[in-house]
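Q: Please find one structure pasted underneath; my questions will follow.
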Amino acid sequence: MATLAMAGGEKTITRPLGKSWPIWDEREERALMEVLHSGHWWRGGHSDWKTSKVGQFEDAFAAYQHAKHGVAVTNGTAAIECALKALDIGAGDEVLVPALTFVASATAISLVNATPVFVDVDPGSYNISPEAMEAAITPRTKGAVVVHNGGYPADMDRIMEVARRRGIRILEDCAHAHGSEWKGRRMGAIGDIGTFSFQMGKTLTSGEGGIVVTDNDDLAEKTFSYHHIGRISGRPFYEFHRVASNLRMTEWQGAILLAQLSRLDEQTETRERNTRYLARGLQEIPGVEPLERDPRVTRWGFYYWNFKYRQDQFDGIHRDTFLKAMQAEGVPMGVGAHGQPIYRNPVFRDQGYENIRCPEAERIYATEALSIGHRAFLGGQEDMDLILEAVRKVRANTGELRKLEGEKK
Ligand SMILES: Cc1ncc(COP(=O)(O)O)c(C=O)c1O
Numbered sequence: 000m001a002t003l004a005m006a007g008g009e010k011t012i013t014r015p016l017g018k019s020w021p022i023w024d025e026r027e028e029r030a031l032m033e034v035l036h037s038g039h040w041w042r043g044g045h046s047d048w049k050t051s052k053v054g055q056f057e058d059a060f061a062a063y064q065h066a067k068h069g070v071a072v073t074n075g076t077a078a079i080e081c082a083l084k085a086l087d088i089g090a091g092d093e094v095l096v097p098a099l100t101f102v103a104s105a106t107a108i109s110l111v112n113a114t115p116v117f118v119d120v121d122p123g124s125y126n127i128s129p130e131a132m133e134a135a136i137t138p139r140t141k142g143a144v145v146v147h148n149g150g151y152p153a154d155m156d157r158i159m160e161v162a163r164r165r166g167i168r169i170l171e172d173c174a175h176a177h178g179s180e181w182k183g184r185r186m187g188a189i190g191d192i193g194t195f196s197f198q199m200g201k202t203l204t205s206g207e208g209g210i211v212v213t214d215n216d217d218l219a220e221k222t223f224s225y226h227h228i229g230r231i232s233g234r235p236f237y238e239f240h241r242v243a244s245n246l247r248m249t250e251w252q253g254a255i256l257l258a259q260l261s262r263l264d265e266q267t268e269t270r271e272r273n274t275r276y277l278a279r280g281l282q283e284i285p286g287v288e289p290l291e292r293d294p295r296v297t298r299w300g301f302y303y304w305n306f307k308y309r310q311d312q313f314d315g316i317h318r319d320t321f322l323k324a325m326q327a328e329g330v331p332m333g334v335g336a337h338g339q340p341i342y343r344n345p346v347f348r349d350q351g352y353e354n355i356r357c358p359e360a361e362r363i364y365a366t367e368a369l370s371i372g373h374r375a376f377l378g379g380q381e382d383m384d385l386i387l388e389a390v391r392k393v394r395a396n397t398g399e400l401r402k403l404e405g406e407k408k
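All residue numbers for the sequence shown refer to numbering that gives the first Met the number 0, where the first residue is 0 and numbers rise by one.
As structure tokens, this is what we get:
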């Protein structure tokens, strides 16, 4: 039996998997030079707001996500804040948010002076549990930030049914879910309003950036106003109607994003092909499991790919020991993208949330969650074979792992 890399043996994988990120070529170079030479470095320099690079990107991306409107902004956090304001959410309102997500899904709620209420997740999908969500609704609940964790769509049928029946608004935080589909419909405008991030690590990127999408004309107009210092479309440029910030995206970002968007479908399909292959391979190894894919998830575009560890089926070895062994073998594996349930962060812990417990989120974070980032899935099937080889090697050496666990104690 091969010695584990963790115990001084040879690594299974000695080269980076997939592709390095970001990916760019002469399309980005050309687009940036075009902006440089045009002299229009912000979208307002164009005769028509929509003929700018940012305007073209808004229309192209909204159409890509099956949404009627898109308003591009500076980043994904600002997008959530702006969308919450468009929903008229503010002081005195409670907004539900899942315990497992990036902290910005919740801090954006605090930033508009509303109160985040942490909700436990569904053990199958790691997304907000529709049952827990309904149970958390109080007379003050105005909405929910529904995150598609790891790009895996939350159960939008149940969520929208609860939302309509109980009269709350749904903001889809799609920072991980570019191109994902629920029953053939892309994410973002299934709820009332949706937001995306184009930060460097995301599957569509301009280094920083974000967008708000919606099918609702009124919400689109309010979002436009809140991202544009309170202006209203069709009114004089120096007339302001709301207390609002400047969240406009630059033409540089718009140009890069248009070029990046031309690759997104092909990249999403490559990732889907690779993860379907990896999922089939993992099913044959006791103790590691892909998420059980809901047939309504017709496309899974992801920022990172979540899967599960089962300690009881892995000879009792703790998930963290397995994770260290896999990392030592050269697999870029982690525990979700963002780690612990977000209420444990000092920003919330020190502000009255110290006794919050979401048992499923705690259990998943501590013992079960595993993930691999999207760029590892941009290569060929041989990369998946290497990951599977590493898992099989670690699986075959649980005796050695137990010894290493014992030495640590
Ligand atoms: C779920 C989620 N929401 C919001 C954000 C915030 O996006 P940004 O970094 O563009 O502000 C992120 C960023 O990672 C995220 O993962």
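Positions of the beta carbon are idealized from the N, C-alpha and C atoms, including for glycine. Since the structure is predicted, the reported quantities are computational estimates derived from the model, not experimental observations.
MET132 and LEU83 look like a contact to me (Cβ under 8 Å); what is the Cβ gap, rounded to whole Å?
A: Within the sequence shown, numbered from 1, the residue matching residue 132 stands at position 133. Within the sequence shown, numbered from 1, the residue matching residue 83 stands at position 84. In this structure MET132 is not in contact with LEU83, their Cβ atoms being roughly 17 Å apart against a cut-off of 8 Å.
Q: Is it true that the CB of PHE197 sits closer than 8 Å to the CB of CYS173?
A: Position 174 of the sequence shown, counting from 1, holds the residue named residue 173. Position 198 of the sequence shown, counting from 1, holds the residue named residue 197. The answer is no: Cβ separation not under 8 Å.
Q: By alpha-carbon positions, which one of THR366, GLU180 and SER51 ends up nearest to ASP311?
A: One-based indexing of the sequence shown puts residue 311 at position 312. Of the listed residues, the one whose Cα sits closest to ASP311 is THR366.
Q: On the DSSP letters alone, give me the boundaries of the alpha helix (DSSP H) that GLU367 sits inside.
A: Position 368 of the sequence shown, counted from the first residue, corresponds to residue 367. Unbroken run through GLU367: none, as it is neither H nor E.
Q: I'd like to know whether the C-beta atoms of ALA254 and VAL72 end up nearer to each other than 8 Å.
A: Numbered from its first residue, the sequence shown carries residue 254 at position 255. Numbered from its first residue, the sequence shown carries residue 72 at position 73. Not in contact: ALA254 and VAL72 (Cβ atoms no closer than 8 Å).
Q: When you compare each of GLU388, SER261, GLU207 and PRO21 to ILE12 by their alpha carbons, which one comes out closest?
A: Sequence index remark: in the sequence shown, residue 12 carries index 13 (1-based). Nearest of GLU388, SER261, GLU207 and PRO21 to ILE12, Cα basis: GLU388.
Q: To the nearest whole angstrom, what separates the beta carbons of GLY66 and ASP214, a pair I think is in contact under 8 Å?
A: Counting from 1 along the sequence shown, the entry for residue 66 is found at position 67. Counting from 1 along the sequence shown, the entry for residue 214 is found at position 215. Residue identity differs from the one stated: residue 66 is Ala in this sequence, not Gly. Right, the Cβ-Cβ distance comes to about 6 Å (below 8 Å), so this counts as a contact.
Q: Alpha carbon to alpha carbon, how far is ARG356 from MET383? Give it in angstroms, no decimals.
A: Locating residue 383 in the sequence shown gives position 384, where the first residue counts as 1. Locating residue 356 in the sequence shown gives position 357, where the first residue counts as 1. Spanning the alpha carbons of MET383 and ARG356 requires a straight line of approximately 36 Å.
Q: Between SER261, ARG292, ASP47 and PHE306, which lies nearest to HIS25 when the distance is taken from Cα to Cα?
A: Position 26 of the sequence shown, counted from the first residue, corresponds to residue 25. It is Glu, not His, that sits at residue 25 in the sequence shown. Residue SER261 is the option with its Cα nearest to GLU25.
Q: So, at 7 Å on beta carbons, what are the nonlocal neighbours of GLU359 in its own chain, with the 5 sequence-adjacent residues on each side left out?
A: Along the sequence shown, one-based indexing puts residue 359 at 360. Cβ within range, chain order: ASP119, VAL120 and PRO122.
Q: In chain order, what residues of the same chain have a beta carbon less than 6 Å from the beta carbon of TRP20, not counting five sequence neighbours either side?
A: Within the sequence shown, residue 20 is the residue found at index 21, counting from 1. Only ARG374 meet the Cβ criterion.
Q: Let me check understanding here. Comparing Cα to Cα, which of ASN396, GLY378 and TYR237 lies closest to LEU16?
A: Translated into the one-based positions of the sequence shown, residue 16 becomes position 17. Checking every option, the nearest Cα to that of LEU16 belongs to GLY378.
Q: Check for me: the alpha helix (DSSP H) holding GLU359 runs from which residue to which?
A: Along the sequence shown, read from residue 1 onward, the residue named residue 359 stands at position 360. Taken as a continuous stretch (DSSP letters only), the alpha helix (DSSP H) holding GLU359 covers 358–362.
Q: Counting only beta-carbon separations shorter than 8 Å, does ARG279 have a partner in chain B?
A: Reference to chain B is not applicable here, since this structure consists of a single protein chain.
Q: Across which residues does DSSP place THR249 in a beta bridge pair?
A: Taking the sequence shown and counting its residues from 1, one reaches residue 249 at position 250. Paired residues: TRP41.
Q: Starting from the Cα of GLN380, find the closest Cα among GLU268, PRO235, GLU57 and LYS392 and give me that residue.
A: Here residue 380 refers to the residue found at position 381 of the sequence shown. That would be GLU268, whose Cα lies nearest to the Cα of GLN380.
Q: Go through its chain and collect everything with a Cβ distance to GLY206's Cβ below 6 Å, but skip five positions before and after it.
A: Counting from 1 along the sequence shown, the entry for residue 206 is found at position 207. Closer than 6 Å at the Cβ level, and outside the excluded window around GLY206, lie MET199.
Q: Pair every Cβ in the region 103–111 with every Cβ in the region 330–348, then say whether three or more of these pairs are closer than 8 Å.
A: yes
Q: What does the alpha-carbon distance come out to for the pair SER244 and ASP349?
A: The count along the sequence shown starts at 1 and reaches residue 244 at position 245. The count along the sequence shown starts at 1 and reaches residue 349 at position 350. Whole-angstrom Cα-Cα distance: 28 Å.
Q: Please determine, among PHE101, GLY208 and ILE158, the residue with the shortest C-alpha to C-alpha distance to PHE60.
A: Position 61 of the sequence shown, counted from the first residue, corresponds to residue 60. Among PHE101, GLY208 and ILE158, the Cα nearest to that of PHE60 is on GLY208.
Q: Which same chain residues, not among the five before or five after ILE169, have their C-beta less than 7 Å away from its C-beta?
A: Reading the sequence shown from its first residue, position 170 is the one you call residue 169. So the list reads GLY142, ALA143, VAL145, ILE158, MET159, ALA162, GLY190 and ASP191, once near-sequence residues are dropped.
Q: Ligand 1 and HIS373: does any heavy atom of the ligand fall closer than 7 Å to the residue's C-beta?
A: Taking the sequence shown and counting its residues from 1, the one referred to as residue 373 is at position 374. Not one heavy atom of ligand 1 sits closer than 7 Å to the Cβ of HIS373.
Q: Out of curiosity, what's the CA-to-CA distance linking LEU110 and TYR364?
A: Locating residue 110 in the sequence shown gives position 111, where the first residue counts as 1. Locating residue 364 in the sequence shown gives position 365, where the first residue counts as 1. Rounded to the nearest angstrom, the two C-alpha atoms are 26 Å apart.
Q: Would you list the one or two residues that DSSP bridges to ARG298?
A: For the purposes of this step, residue 298 is identified with residue 299 of the sequence shown, where counting begins at 1. According to DSSP, which records beta bridges pairwise, ARG298 is partnered with GLU180.
Q: Can you say whether GLU291 is buried or exposed, counting buried as having 16 or more other CB atoms within 10 angstroms of its CB?
A: Here the question's residue 291 lines up with position 292 in the sequence shown. Sixteen is the threshold: since fewer than 16 other Cβ atoms of the shown chains lie within 10 Å of the Cβ of GLU291, the residue is exposed.
Q: Which two residues bound the contiguous beta strand (DSSP E) that contains ARG168?
A: For the purposes of this step, residue 168 is taken as the residue at position 169 of the sequence shown. Counting along the chain, the beta strand (DSSP E) containing ARG168 begins and ends at 168–172.
Q: Could you name the residues of the same chain whose beta carbon sits closer than 6 Å to that of GLY335, not counting the 5 residues immediately before and after it, in chain order?
A: For the purposes of this step, residue 335 is taken as the residue at position 336 of the sequence shown. Cβ within range, chain order: ALA368 and SER370.
Q: Return the CA-CA distance between PHE321 and LYS402, expressed in angstroms with no decimal places.
A: Here residue 321 corresponds to residue number 322 of the sequence shown, with the count starting at 1. Here residue 402 corresponds to residue number 403 of the sequence shown, with the count starting at 1. As the crow flies, the alpha-carbon of PHE321 is around 13 Å from that of LYS402.
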